[in-house]
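J.:
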Amino acid sequence: MKETLSSTLENKNSKLDILKVRADFPLIAKNKVIYLDNAATTQKPKTVIQALTNFYENSNANIHRGVYRLSEEATEAYESIRKKVARFVGAQNGASSIVFTRNATEAVNLVAYAWGEKFINAGDEIILTEMEHHSNIVPWQLLTQRKKAKVKYVPYDPGTGKPQWEALSSLMTERTKLVAFTHVSNSLGTINPVQEVIRSIRKLGSPKILIDGAQGVPHLPAHVDDWGCDFLVFSAHKMLGPTGIGVLWAKKEILEAMEPFLGGGDMIKEVSLETARWNDVPWKFEAGTPNVADVIAFGPAIDYLEKIGLAAIGRHEQELTRYALGRLEQTPGITLYGTKTAEERCGVVSFNIQGVHPHDSGTLLARENIAVRVGHHCNMPLMKKLGIMGTTRASFYLYNTLEEVDALIRAIPKIQKIFS
Amino acid sequence: MGEEDLYRDIILDHFKNPRNKGAVADPDIKVTGANPFCGDEIEITLKIQNNRAETLGINAQGCAISQASTSMMSEALQGKQLNEIKDAIAFFRDQMLSQQTKDWPPQMEDLESLEGVKQYPVRVKCALLAWNTLAEGIKEFQAQGNQKVAARHVEGEQ
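Right, dumping it as structure tokens:
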């Protein structure tokens, strides 16, 4: 964490050189599309793409197996990313607590199976918020159905755009075994005060705490040691990295107490015809050949974020968000969702053009070469609470510009004219 | 057909002024359909006489494409024999799902405007919802020996 902090401090006063940043992203540099769908996935810098090509051209070998040089080098490169990832999310005890999965969704499912099957019993309770992505709802529904346990929700308040955290004190009981919530809402951008919420949970009881960092880790510094959570999940592809890589960080003693998730090669120390002995963590949870190339290419993505600094990226996103919210507020016939101020959100504006279905807005924006996400954003319970079928969501990252926000705003009256 | 042709006046006219709006009283067929992905929802009610769709009522909410397609369908199929309706449904599905398109028959000419939807493959199911829903209603009605049916809920798929 120290290194992450110092790198962000170094960049405290720097401003993004946006043209230079854009030139680093081949797809962005082509200027063919105004890409405002970063909460879905982000574009990749050259260094990430080159790392993939380089691995297959020069370093490809299976890991943890070969006694030859190439395999040893691949193993070393793969394992070095674990250290980098641990440092990036503020985990001092480091690499042995980082498990690579396919995506954040798989990481949640891993916890629901490998931890949940062992530690959740009939009558136990899991608390989520109404703001969660389906990936932080459905695995818990499946688990509680299997176990005859119960899911409870911290209500979302459409007035403030935030979960009603004060409800925790009445929701939590001695049967509450897990509280799982997102750092940042994927559909609204609402930032949850992780540290504060964890403190109030700890005052009320001792459930395990899982943070969904899919939308948080790419934008805001994560400090798992300081936060005192038990699990953090996130995805590489939402933070400039390749698709196919998710991360589970968990306290080491919890990982050690958990049962394996998938069985197979690499997750064992010894197998007989009757039984097997598990490998140490984190390898106990990485059965079979992992996604070696993409893990290795995740490294340069983190390097890139650290080079620019999350502080500078955050300030840039704030500027874009504040500007977009201001322009949208001034545009007649727009309904905005989420928190009132840009400071309480993380690079997302979610809105509807009155009288226009979000799928029509999305198709018409696509005609203007503007890529946004429309629909329920895998937040169907939240959309139901808001009484809508979906929204139009623009989500920003370090390479977006105020001009791109202008293009979005300029397209709105054209859509309104078509539907007038 | 160019992309600029998608939100044509004719589609917007059907969206803003849907034909055959409402439910028919004492329907012989009542069937509902939805695309959970988009939130499109429709209810179709039909009064059948001598194997003919005498009156047809539509309640729909959702995107312009699904609503316009529903309205155009109701206009094109009102008063038609059930077998003609089944043929029209098969024809429309084929027009939406195949690369090649055939000439549209005169009674379906408004529907030609929906060809632009093919530029946006994820939206094709919006255009198809009403047709798939009606097909299910008729199938159920005939399977029950032309008895009154409240057919099962149809979920959008292509």
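Chains as they are written, first to last, in this note's numbering: chain A, 279 to 698; chain B, -13 to 144.
Ideal Cβ placement from N, Cα and C applies to all residues, glycine included.
#1: Applying a beta-carbon distance threshold of less than 8 Å, which residues of chain B neighbour I696 of chain A?
#2: For the stretch 575 to 593 of chain A against the stretch 322 to 339 of chain A, do three or more pairs of beta-carbon atoms, one drawn from each stretch, fall closer than 8 Å, so that the two count as touching?
#3: Buried or exposed, going by whether 16 or more other CB atoms sit within 10 Å of the CB of V559 of chain A?
#4: Which of the three DSSP states is assigned to D302 of chain A in this structure?
#5: Would you list the residues sitting across from W117 of chain B in a DSSP beta bridge?
#6: To the nearest whole angstrom, what separates the beta carbons of D26 of chain B and S52 of chain B, a pair I think is in contact under 8 Å?
#7: Under a CB-based cut-off of 9 Å, is T325 of chain A close to chain B?
#8: Could you check how far apart the C-beta atoms of I415 of chain A and K455 of chain A are, in whole angstroms? I think they sit under 8 Å.
#9: Answer with buried or exposed for Q493 of chain A, where buried requires no fewer than 16 other C-beta atoms within 10 angstroms of its C-beta.
#10: Does the pairing of the stretch 60 to 68 of chain B with the stretch 31 to 40 of chain B give three or more beta-carbon distances under 8 Å?
#11: Pull out every residue of the stretch 603 to 618 of chain A whose Cβ sits closer than 8 Å to any Cβ of chain B, in chain order.
#12: If you measure from the beta carbon of F145 of chain B to each beta carbon in chain A, is any gap under 9 Å?
#13: When DSSP labels each residue in this structure, what does N441 of chain A get in the three-state scheme?
#14: Here's the rule I'm using: 16 or more other beta-carbon atoms within 10 Å means buried, otherwise exposed. How should T282 of chain A be labelled?
#15: With a threshold of 7 Å on Cβ separation, who are the neighbours of H342 of chain A within its own chain once the five nearest residues in sequence on each side are excluded?
#16: Check whether the Cβ of A50 of chain B lies closer than 9 Å to any Cβ atom in chain A.
#17: Looking at the structure shown, is Q64 of chain B part of a helix, part of a strand, or coil, going by DSSP?
#18: Closer than 7 Å between beta carbons: that is the criterion. Which residues of the stretch 15 to 48 of chain B meet it against chain A?
#19: From V626 of chain A to R477 of chain A, what does the alpha carbon distance come to, in whole angstroms?
#20: Could you pull out every unbroken beta strand (DSSP E) segment of at least 3 residues lying fully inside the stretch 487 to 529 of chain A, listed in chain order?
#21: In whole angstroms, what is the alpha-carbon distance linking T320 of chain A and I574 of chain A?
#22: In this structure, does DSSP put L421 of chain A in helix, strand or coil?
#23: For S349 of chain A, which option in A:A339, A:A355 and A:Y356 has the closest C-alpha, if you only look at C-alpha atoms?
#24: Less than 9 Å between the C-beta atoms of I648 of chain A and A689 of chain A, yes or no?
#25: With burial defined as no fewer than 16 other Cβ atoms inside 10 Å of the residue's Cβ, what is the status of Y346 of chain A: buried or exposed?
#26: Quick one: give me the first and last residue of the beta strand (DSSP E) that D26 of chain B is part of.
#27: Quick one: Cα of G616 of chain A to Cα of K440 of chain A, how far?
#28: Give me the residue from B:M94, B:A54 and B:E29 with the minimum Cα distance to D(-1) of chain B.
#29: Less than 8 Å between the CB atoms is what I'm expecting for F459 of chain A and P520 of chain A, so what's the real figure, rounded?
#30: Label L466 of chain A either buried or exposed according to how many other C-beta atoms from any shown protein chain fall within 10 Å of its C-beta, with 16 as the threshold for buried.
#31: Within 9 Å of any Cβ in chain A, is that where the Cβ of R109 of chain B sits?
#32: Where do the ends of the beta strand (DSSP E) carrying L406 of chain A lie?
#33: Taking L482 of chain A as part of the alpha helix (DSSP H), name the residues at either end of that continuous run.
#34: Please confirm whether N470 of chain A and V457 of chain A have their CB atoms less than 9 Å apart.
#35: Excluding five sequence neighbours on each side, which residues of the same chain lie with their C-beta closer than 7 Å to the C-beta of T613 of chain A?
#36: From T18 of chain B to N69 of chain B, what distance separates their C-alpha atoms?
T.: Per the coordinate set shown:
#1: By Cβ distance, chain B contributes Y(-7) and L(-2).
#2: Proximity of the stretch 575 to 593 of chain A to the stretch 322 to 339 of chain A meets the contact definition, three or more beta-carbon pairs being nearer than 8 Å.
#3: By the beta-carbon neighbour count (other beta carbons within 10 angstroms, threshold 16), V559 of chain A is buried.
#4: If DSSP states are grouped into helix, strand and coil, D302 of chain A belongs with coil.
#5: As computed with DSSP, W117 of chain B is found in no beta bridge at all.
#6: D26 of chain B to S52 of chain B, Cβ: 4 Å. Contact.
#7: Not one chain B Cβ lies under 9 Å of T325 of chain A.
#8: The pair is not a contact, with the Cβ atoms about 16 Å apart (cut-off 8 Å).
#9: The residue in question, Q493 of chain A, is buried, as its Cβ has 16 or more Cβ neighbours within 10 Å.
#10: At 8 Å Cβ cutoff, the stretches touch.
#11: For the stretch 603 to 618 of chain A, no residue has a beta-carbon sitting nearer than 8 Å to a beta-carbon of chain B.
#12: Missing from the structure shown is residue 145 of chain B; chain B here goes from -13 to 144 and no further.
#13: Here residue 441 of chain A is Pro; the residue named in the question, Asn, does not match the sequence. Strand.
#14: Confidence at T282 of chain A is low in this model, with a pLDDT of 39, below 50, so the placement of that residue should be treated as unreliable; the coordinate-derived value is given next. Within a 10 Å sphere around the beta-carbon of T282 of chain A sit 16 or more other beta-carbons, which makes this residue buried.
#15: Result list for H342 of chain A: T353 and D544, in chain order.
#16: When Cβ-Cβ separations below 9 Å define contact, A50 of chain B makes contact with chain A.
#17: Q64 of chain B falls in the coil class under three-state DSSP.
#18: The residues in question are F23, C24, G25 and G48.
#19: Cα-Cα distance, rounded: 26 Å.
#20: List check, beta strand (DSSP E) in window: 509 to 513 and 524 to 528.
#21: Taking the straight line joining both Cα atoms gives about 18 Å.
#22: Three-state DSSP puts L421 of chain A in a helix.
#23: Looking at the Cα atoms, A:A339 is the closest of the given residues.
#24: Cβ atoms of I648 of chain A and A689 of chain A: closer than 9 Å.
#25: Around the C-beta of Y346 of chain A, fewer than 16 other C-beta atoms lie within 10 Å, and the residue is accordingly described as exposed.
#26: Counted as a single uninterrupted DSSP element, the beta strand (DSSP E) harbouring D26 of chain B occupies residues D26 to Q35.
#27: Each residue's Cα considered, the two are about 7 Å apart.
#28: It is B:A54.
#29: With a Cβ gap of about 27 Å, F459 of chain A and P520 of chain A do not count as contacting.
#30: Flag for L466 of chain A reads buried.
#31: It does: the Cβ of R109 of chain B has a partner Cβ on chain A nearer than 9 Å.
#32: Membership of L406 of chain A in the beta strand (DSSP E) is indicated by the continuous run E403 to T407.
#33: From DSSP, the alpha helix (DSSP H) with L482 of chain A extends over V472 to L482.
#34: It is not a contact, given that the beta carbons lie outside the stated cut-off.
#35: When the five nearest sequence neighbours on each side are left out, the beta carbons in the same chain lying within less than 7 Å of the beta carbon of T613 of chain A are those of F629, N630 and Q632, in order along the chain.
#36: Between the C-alpha atoms of T18 of chain B and N69 of chain B there is a straight-line separation of about 21 Å.
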